[in-house]
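Asks:
Residue numbers (this note's numbering): 473 to 645.
The following block contains the structure:
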């Protein structure tokens, strides 16, 4: 291929003759040959040099625009993910605060219930102790009373003993 191009240029240059200097503006056959060579070189360079360079430039421009678009989309995605992350963090914080408040309230309620239960138990024990003490007093008074005093007496102990005795008779009899 290189040999053919070289032979072509030699033939063209041998056919063309130098223009006469006395008649510079005249057009002769060498002018057309030079014009054809010039146009051939331009077409040759356009096909094998300029077109590949232009194609390379266009591809590079397209690739850079694609990369810029991808970078922008990745940036938008990063911003979106950051917003989601912040939202989830705030939700978790609210949940933690809510659960801690719930636990504190639950502990307060349980503490109050424990206090109430302890108070009720202690009140029951106090009441039982009072009843036992009253029963012991009544028993000691009963032991000191005789049968005759119980049946004739008008004091509280005698009246209670008679009522209990009658209730027992009704239930038994």
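We put the CB at the ideal spot given by N, CA and C, even for glycine.
1) Between which two residues does the alpha helix (DSSP H) holding residue 517 run?
2) With DSSP collapsed to three states, give me the class of residue 627.
3) Pick out whichever of 602, 535, 541, 509 has its Cα sitting closest to the Cα of residue 482.
4) Quick one: Cα of residue 503 to Cα of residue 476, how far?
5) Where residue 580 and residue 633 are concerned, what is the direct C-alpha to C-alpha distance, given to the nearest angstrom?
6) Can you give me the Cβ contacts of residue 628 inside the same chain, cut-off strictly under 6 Å, excluding the 5 residues immediately before and after it?
7) When the Cα atoms are used, what is the spatial distance from residue 511 to residue 550?
Replies: According to the structure shown:
1) 501-517
2) coil
3) 509
4) 23 Å
5) 49 Å
6) none
7) 55 Å
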